[in-house]
Amino acid sequence: MDDAVFTHIEFLKHRSYDNEKVVVPPHNHYFYEMTYVLDGCLYTDMNNKHYECEPNSIILVPPNVAHAHNSNDRYEVIYMGFYYNGLFGPLNQRVFKDDDEKTILRLLRQMLEEYDNTEKYYENICGELQKIFILNMLRLQDNNRPSNNDAVLKYAVSYMQDHYYDDIDMQELAKSLGYSYHHFRHIFKENFNMPPKQFLLNQRMQYAMRLLRTTNKNISEISRNCGFSSATRFISSFKALFNISPTQYRNSDTINLDICIFSDDTADADLRPTAQ
Amino acid sequence: MKDPNVSMKFLFEKSRADSYIDNECMHSCYELVYCRQGTGYFCFNNVNIPFKSGMYVVFPPSSVISESGNLTVCDYLGFEYEYPGELSCGLFEDDRGNILKIIELMQCELKKHTDHSDKCLESYLKILIYTIKRESENSLTPLSQHNSNLISEIKSYFDRNYDKPINVSEYFASIGYSYHHLRHSFKEVCGFSPNQYLMNVRIEAAKRLLLSTDYTLEEIYRKCGFNSVSHFVANFKKSTNKTPTEFREERG
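From first to last, the protein sequence lines stand for chains A and B.
Every letter in the first sequence is one number past the one before it in numbering that gives the first Met the number 0, and letter 41, counting from 1, is 40.
Every letter in the second sequence is one number past the one before it in numbering that gives the first Met the number 0, and letter 239, counting from 1, is 238.
Listed below in structure tokens is the structure:
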């Protein structure tokens, strides 16, 4: 569905008017029009409603909606005309305020800068900024509705899958996703039926079992390669999990151990230990 | 340019203790490592790549990398990228701070927990990739080029200093590389081991002196960096199948 999202910037301008009365009579466009008030006050009429738009107000006019602007005093705005096929979600006719971080303003300034500099790939970059702009407009429209699933957990999972040999600090990992460790552990367990530390240990074990069966590396090398802090630690975790030692496992072709690994479509099926 | 197909795998900032050395590991996806603080080395395909704050490295998928460093704070961004064109991999300098800005925006996005995070991250990632492409066209040191630049630097050091006694592993250590790592890539790039290359340079210099001067073997071995007359004669014979005196008589 994402592939089908279409956006296109028709124009993007930064204007300031000094002490002049500006009247833009009612008109409409085939595209969306967004006006961001930076300074002064802009009066907007849209669908028989009258709005007084102060700084940091965003006026969003959907296609084919008649609207008029006027102002008595100096004012400064950024305005943008754009096409959008609605596939991220519908943008409604509205006047609303930017958030405290001024996310929308920052994006508009970035786009203006790209258009001013016209360095290589500026059109591609503006296209992506435009998408982020629309997504953030939708967020403001929906009052930053929390995401219904714990989507960011997948980033923790792929980090652990790729960096299992690293000394991973779960507190830091939780923090990077904006969670306390306690909350992170809780939702991780809820989603994958095991706490993150167990998940990491299983990743390491899975890799260790493969090294045991397919290489001649010694136990301390394997434990290092798999991120265990010492060979002793590796051996005791291995025994705790499987009731046999790594060496026994290595020397026996018949023992087939299974370990519970969360797996999605991308998980490496060939990592599973098999008797050879 | 056609839109690339990208997806972010992870983004994690990590602070490291003093003097750490990681194991060699293979990464499944592209990985960008941005160094905010500290200094260190990546060992990639047996070449050490030194990095410091304000620099970033892009590794292609399936790279075998090990990292060592001192008190570093680095961001690790894993991502997938599918596009007929190549993504520039290598060591870059973030002169204008643009890359860090985008990484920080992505980190903020990760913590928002609101709708559309995935799509925003995807767009930020594309912006990041376009920015790397844009900036790399000016300041790129591709991994392979880094390698060959280094090797030609070493060759020219040998070419200039063959007359002095050179301890190759000490010299490598002095420029920050281990003998083991460099020997491998040196041989890959120029076909000889560093010691063989240095020996060839010395023999060629000795040949020139044998033919163009009346210097005795004693003088020549000193001027060409050999340890002794017998060291000189033995190696000369090994490489040309003649003794220095035979060579001079035949050609002189």
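Every residue, glycine too, gets a C-beta built ideally from N, C-alpha and C.
Paired residues, beta bridge with residue i - DSSP
i, result
"CYS73(B)", "LYS13(B) and CYS34(B)"
"SER15(A)", "GLU75(A)"
"GLY80(A)", "PHE10(A) and GLU32(A)"
"MET25(B)", "VAL63(B)"
"SER56(A)", "LYS96(A)"
"ALA67(A)", "ASP44(A)"
"PHE41(B)", "ILE48(B) and GLU66(B)"
"THR113(B)", "PRO145(A)"
"ILE20(B)", "SER67(B)"
"MET105(B)", "None, per the DSSP bridge assignment."
"ASN4(B)", "GLU81(B)"
"MET54(B)", "CYS34(B) and GLU92(B)"
"VAL21(A)", "SER70(A)"
"GLU51(A)", "TYR42(A)"
"HIS294(A)", "Since the displayed chain A opens at 0 and closes at 275, residue 294(A) lies outside it and no answer follows."
"HIS26(A)", "HIS66(A)"
Straight-line Cα distance separating residue j from residue i
i, j, result
"ASN55(A)", "PRO62(A)", "22 Å"
"ASP99(A)", "ASN69(B)", "38 Å"
"TYR33(B)", "TYR75(B)", "7 Å"
"ARG271(A)", "ASP257(A)", "Confidence is the limiting factor: at ARG271(A) the pLDDT is only 38, short of 50, which leaves the residue's position unreliable, though a coordinate-based value still follows. For ARG271(A) and ASP257(A), the distance between alpha carbons rounds to 8 Å."
"ASP93(B)", "THR253(A)", "54 Å"
"ASN45(B)", "ASP161(A)", "21 Å"
"ASP114(B)", "SER146(A)", "4 Å"
"GLN275(A)", "TYR248(A)", "For GLN275(A), the pLDDT reaches just 33, beneath the cut-off of 50, and the residue's location in the model is therefore unreliable, although a value from the coordinates is still provided. Using only the alpha carbons, I get a separation of about 12 Å."
"HIS68(A)", "LEU41(A)", "7 Å"
"MET196(A)", "LEU137(A)", "Correcting the residue identity first, residue 196(A) is Lys in this sequence and not Met. If you take the alpha carbons of LYS196(A) and LEU137(A), they lie about 36 Å apart."
"GLY85(A)", "GLU103(B)", "28 Å"
"GLU134(B)", "LEU134(A)", "27 Å"
"ASP263(A)", "LYS48(A)", "With a pLDDT of only 43 at ASP263(A), under 50, the local geometry of the prediction cannot be trusted, and no value is derived from it."
"ASN148(B)", "CYS52(A)", "60 Å"
"GLU85(B)", "ASP2(B)", "13 Å"
"THR43(A)", "ILE131(B)", "42 Å"
"ILE243(A)", "ARG184(A)", "29 Å"
"ARG144(A)", "LEU109(B)", "15 Å"
"PHE225(B)", "ASN234(B)", "9 Å"
"PRO243(B)", "TYR129(B)", "60 Å"
"SER238(B)", "GLY89(B)", "38 Å"
Per-residue contacts from residue i into chain B (C-beta, under 9 Å)
i, result
"ASN158(A)", "Reading the sequence as shown, one finds Tyr at residue 158(A) and not Asn. Under the 9 Å cutoff, chain B gives LYS8, PHE9, LEU10, PHE11, TYR75 and GLY77."
"PHE87(A)", "HIS115 and LYS118"
"SER179(A)", "Under the 9 Å cutoff, chain B gives no residues; its nearest Cβ is about 12 Å from SER179(A)."
"ASP115(A)", "In chain order: nothing, as chain B lies at least about 15 Å away."
"ALA150(A)", "HIS112, SER116 and ASP117"
"HIS137(A)", "Looking at the sequence provided, one finds Leu at residue 137(A) rather than His. Correct list: ASP114 and HIS115."
"ASP254(A)", "It should be pointed out that residue 254(A) corresponds to Ile in this sequence rather than to Asp. Ordered by position in chain B, no residue passes the 9 Å Cβ test against ILE254(A), which lies about 27 Å from the chain."
From the options, residue whose alpha carbon lies closest to that of residue i
i, options, result
"ASP38(A)", "ARG73(A), ASP44(A), PHE5(A) and ASN250(A)", "ARG73(A)"
"VAL117(B)", "MET7(B), ILE165(B) and VAL228(B)", "The residue asked about is misnamed: residue 117(B) is Asp in this sequence, not Val. With distances taken between Cα atoms, ASP117(B) lies closest to MET7(B)."
"TYR158(A)", "LEU90(B), SER173(B) and LEU10(B)", "LEU10(B)"
"THR212(B)", "LYS51(B), LYS186(B), ARG247(B) and VAL63(B)", "ARG247(B)"
"LEU72(B)", "ILE153(B), TYR19(B) and ASN199(B)", "Note on identity: in this sequence residue 72(B) is Val, with Leu being the wrong assignment. Per the Cα distances, TYR19(B)."
"PHE87(A)", "VAL4(A), ARG212(A) and LEU200(A)", "VAL4(A)"
"TYR154(A)", "GLU79(B), GLU249(B) and PHE185(B)", "GLU79(B)"
"MET45(A)", "GLY177(A), VAL60(A) and TYR31(A)", "VAL60(A)"
"ASN22(B)", "SER67(B), ARG221(B) and ILE153(B)", "SER67(B)"
"LYS96(A)", "TYR114(A), ILE57(A) and GLU112(A)", "ILE57(A)"
"ALA239(A)", "ASN71(A), LEU200(A) and HIS181(A)", "LEU200(A)"
"ASN91(A)", "GLN140(A), HIS66(A) and PHE132(A)", "GLN140(A)"
"ARG201(B)", "HIS183(B), SER184(B) and ARG221(B)", "ARG221(B)"
"ASN250(A)", "SER229(A), ALA230(A), ASP149(A) and THR214(A)", "THR214(A)"
Where residue i meets chain A, residues with beta-carbon distance less than 8 Å
i, result
"SER27(B)", "GLN160 and ASP161"
"ASP94(B)", "The contacting residues do not exist; ASP94(B) stays about 14 Å from chain A at best."
"ASP21(B)", "TYR164 and ASP165"
Amino acids of chain B, ordered along the chain, whose beta-carbon sits closer than 8 Å to that of residue i
i, result
"PRO245(A)", "Result: empty, since nearest Cβ-Cβ is about 17 Å, beyond 8 Å."
"ASP99(A)", "Correct list: empty, because the minimum Cβ distance to chain B is about 13 Å."
"ASN215(A)", "In chain order: nothing, as chain B lies at least about 16 Å away."
"LEU128(A)", "SER122 and ILE126"
Closer than 7 Å at the beta carbon, the chain A residues around residue i
i, result
"CYS24(B)", "TYR164"
"ARG133(B)", "GLU118, LYS119 and TYR120"
Within chain B, the residues that residue i reaches when beta carbons sit closer than 7 Å
i, result
"LEU172(A)", "PHE11"
"SER146(A)", "HIS112, THR113, ASP114 and SER116"
"ASP44(A)", "Ordered by position in chain B, no residue passes the 7 Å Cβ test against ASP44(A), which lies about 31 Å from the chain."
Residues that residue i contacts on chain A, provided the C-beta gap is smaller than 9 Å
i, result
"LEU267(B)", "Here chain B has residues from 0 to 251 only, and residue 267(B) is not among them."
**Report entry** At least 3 beta-carbon pairs within less than 8 Å: the region 233 to 250 of chain A vs the region 169 to 186 of chain A
**Finding:** No, because fewer than three Cβ pairs between the region 233 to 250 of chain A and the region 169 to 186 of chain A fall closer than 8 Å, the two stretches do not touch.
Report task. Report yes or no: do three or more beta-carbon pairs, one from the region 217 to 232 of chain A and one from the region 192 to 209 of chain A, lie closer than 8 Å? Result -> The region 217 to 232 of chain A, when compared against the region 192 to 209 of chain A, does touch it at the 8 Å Cβ threshold.
Query raised in the report: Would you call the region 117 to 128 of chain B and the region 157 to 175 of chain B touching, i.e. three or more CB-CB distances under 8 Å?
Result: No contact exists between the region 117 to 128 of chain B and the region 157 to 175 of chain B.
Requested in this report: Taking 8 Å as the threshold, find out whether the region 1 to 14 of chain A comes into contact with the region 73 to 90 of chain A through three or more Cβ pairs.
Outcome: Here the region 1 to 14 of chain A lies against the region 73 to 90 of chain A, with 3 or more beta-carbon pairs under 8 Å apart.
Query raised in the report: Do the region 165 to 176 of chain B and the region 200 to 220 of chain B meet, that is, are 3 or more Cβ pairs less than 8 Å apart?
Result: Proximity of the region 165 to 176 of chain B to the region 200 to 220 of chain B falls short of the contact definition, fewer than three beta-carbon pairs being nearer than 8 Å.
**Report entry** Contact between the region 123 to 135 of chain B and the region 187 to 196 of chain A (3+ Cβ pairs under 8 Å)
**Finding:** Because the criterion of three Cβ pairs below 8 Å is not met, the region 123 to 135 of chain B and the region 187 to 196 of chain A do not touch.
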